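Numbering (my numbering), first residue to last: 837 to 1144.
Built from N, CA and C at the ideal position, the CB exists for glycine as well.
Note that the structure is predicted; figures quoted are calculated from it, not measured.
To start, the structure itself, in structure tokens.
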């Protein structure tokens, strides 16, 4: 196959997932059902997606010095991920997320960072060699910005591809944006970063232009069921996704990002990589949970073959 390496830098969470008919109003007590404890965190989800889909993955992250942290790390090892850059933090719990999934398929999430807050620039610095030995660096925004900025700058000076999935949304410095090869926001995140309300092709083009002006080479704006808007060199288009019956959208974006970079490192074209990533994400929304919903390479290839 290929021996290019992806380093993912990001969060590890334990997701407490409960299904509800609708989100509760203040003061309302709801009867939930199908409670599950699932491994999540945007960083971990993206690292697992890339690993499961065939990439060679290093993961830079922090877990608590607790049972669940050890179990999660063990699960990563079993999937074939390189975990040498996962630090166990004394006296901290592994990050947690409380997730409610409504019957509509939408979710509402509350996060406690725990050990994730320790992924500082200083800690990232001790894993410089891992970033230097990789071909691409994929990050999100559930860990401290200083660590993300440090890693981005390091990877860029080493000539690596630097990809940021700017979620959860927050304002970012022009300095960080100038280090990026690619950014993959959804409509909300694109609006927070550019001030452009992305509702259609025209507004997506405007938002993309702002990213390009700040030095980002490739802009992908995910538009949910409507597909993915891509802006790169002279290409600006919306690539349609697959229509499936969504059960739970948790980790769909993470699956998309992990799959996308996996495909690009294998030498697929940008459009082919987007198509592959859309297939993996489409499978993930038909299943419950975060890492539990991420498909294997075989499942994704089969899905694409069926939909040809």
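Check	Outcome
Given residue 1055 as reference, the closest of 947, 1045 and 851 once Cα atoms are compared	1045
Residue from 857, 910 and 915 whose Cα sits closest to the Cα of residue 885	915
Cut-off 6 Å between Cβ atoms - residues of its own chain near residue 1016, not counting five sequence neighbours on either side	998, 1000 and 1052
Cut-off 7 Å between Cβ atoms - residues of its own chain near residue 1090, not counting five sequence neighbours on either side	878, 881, 882 and 885
According to DSSP, residues forming a beta bridge with residue 934	852 and 946
Completely contained alpha helix (DSSP H) runs for the region 1089-1135, where each covers 4 or more residues	1106-1120
Buried versus exposed, by CB contacts within 10 Å (16 or more), residue 845	buried
Cβ contact (3+ pairs, closer than 8 Å) linking the region 955-969 and the region 855-864	no
contact_flag[the region 1080-1098, the region 1108-1123] where n(CB pairs < 8 Å) is 3 or more	yes
Proximity of residue 1077 and residue 1094 at Cβ, strictly below 9 Å	no
Euclidean distance between Cα positions of residue 1142 and residue 1086	24 Å
Three-state class that DSSP yields for residue 1067 in the structure shown	strand
Touch test, the region 894-913 against the region 924-932, Cβ-Cβ under 8 Å, three pairs minimum	yes
Three CB pairs or more closer than 8 Å across the region 1000-1009 and the region 1029-1037	yes
Under the three-state DSSP convention, the category residue 876 falls into	strand
Distance, residue 1120 Cα to residue 1135 Cα	11 Å
Contact under 9 Å by Cβ, residue 848 with residue 951	yes
Closest Cα partner of residue 1070 within the set 1025, 1060 and 1048	1048
Element boundaries [beta strand (DSSP E), containing residue 844]	841-845
Simplified DSSP state of residue 929, which is helix, strand or coil	coil
Assumed close pair residue 1122, residue 970 - CB separation to whole angstroms, cut-off 8 Å	At roughly 32 Å, the Cβ-Cβ gap does not stay under 8 Å, so residue 1122 and residue 970 are not in contact.
For residue 972, the three-state DSSP class (helix, strand or coil)	strand
Within 9 Å, strictly: CB atoms of residue 1084 and residue 937	yes
Cβ-based neighbour list, residue 980, same chain, cut-off 7 Å, excluding 5 preceding and 5 following	953, 955 and 956
Nearest-angstrom beta carbon gap, residue 843 and residue 896 [assumed within contact, 8 Å]	6 Å
CA-to-CA distance, residue 1105 to residue 1139, given in whole angstroms	19 Å
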